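Numbering (the numbering used here), first residue to last: 39 to 205.
Here is the structure:
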């Protein structure tokens with residue numbers, strides 16, 4: 039029976055990095071079950087859930103480190119993907135940026151027992167508005183009984199300019 043592990047890898051980006059990692063993993067008997075990849079300012083980071091025969095796990099992990107010495111790998115067992123009695127919701131939060139905004143948003147979600155599955159936050163200038171704008175796309179794991187609009191209302195209570203769209 040195969041086993042799986044989660045690897046987090048980061049380091050300098052180079053052309054074809056994702057393909058190279060996937061092909062090398064496959065050549066050593068592994069397969070990616072799922073992955074999330076980000077590239078930013080010449081850097082690369084990914085999280086991959088890898089399945090492999092138990093007798094090949096340690097060899098694959100060592101071979102990845104050896105084959106890609108400019109990258110840093112960490113390994114851990116997979117967690118439970120979803121808790122029983124949960125569902126996924128997607129939101130977009132838009133407002134005027136201010137210090138501590140991401141922390142305040144994270145506190146609200148934690149207090150509501152909501153797990154952030156994915157968050158893509160950006161700050162940018164917008165013509166006609168003097169202040170920078172903050173926009174975050176969130177994928178959340180929430181209790182089955184949670185109402186998306188109620189969660190949106192809690193987030194919008196941060197300040198008058200916060201707008202939340204439920205996708």
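Ideal Cβ positions, reconstructed from N, Cα and C, are used throughout, including at glycine. None of these values were measured; they are calculated from a predicted model.
Distance between residue 102 and residue 39, taken at the CA atoms: about 22 Å. In terms of Cβ geometry, residue 188 and residue 126 do not form a close pair [threshold 8 Å].
For residue 129, the secondary structure class from DSSP, reduced to helix, strand or coil, is strand. Cβ contact annotation for residue 66 (same chain, cutoff 6 Å, sequence separation greater than five): 98 and 101, in chain order. Listed in chain order, the non-local C-beta contacts of residue 170 below 7 Å within the same chain comprise 135, 161, 162 and 163, local neighbours out to five positions each way being set aside. Excluding sequence positions up to five before and after residue 182, its CB lies within less than 7 Å of the CB of 123, 124 and 125, all in the same chain and listed in chain order. A Cβ-Cβ separation of about 7 Å places residue 74 in contact with residue 84 under the 8 Å criterion.
Beyond the five residues adjoining it in sequence on each side, residue 62 comes within less than 6 Å, by CB distance, of 105 in the same chain, given in chain order. The alpha carbon of residue 193 has as its nearest neighbour, out of 144, 155, 159 and 156, the alpha carbon of 144.
Under the criterion of beta carbons closer than 8 Å, residue 49 and residue 110 qualify as touching, at roughly 6 Å. A residue is called buried once 16 or more other Cβ atoms fall within 10 Å of its Cβ, and residue 152 is buried on that count.
Counting only the Cα atoms, residue 72 lies some 14 Å from residue 41. Unbroken alpha helix (DSSP H) stretches of 4 residues or longer found wholly inside the region 48 to 113: 55 to 65 and 95 to 105, given in chain order. Taking C-beta atoms as the reference points, residue 44 and residue 68 fail to come closer than 8 Å. Excluding its 5 nearest sequence neighbours in each direction, residue 173 has C-beta neighbours in its own chain below 6 Å: 132 and 160, listed in chain order. Rounded to whole angstroms, the separation of the alpha carbons of residue 186 and residue 201 is 14 Å.
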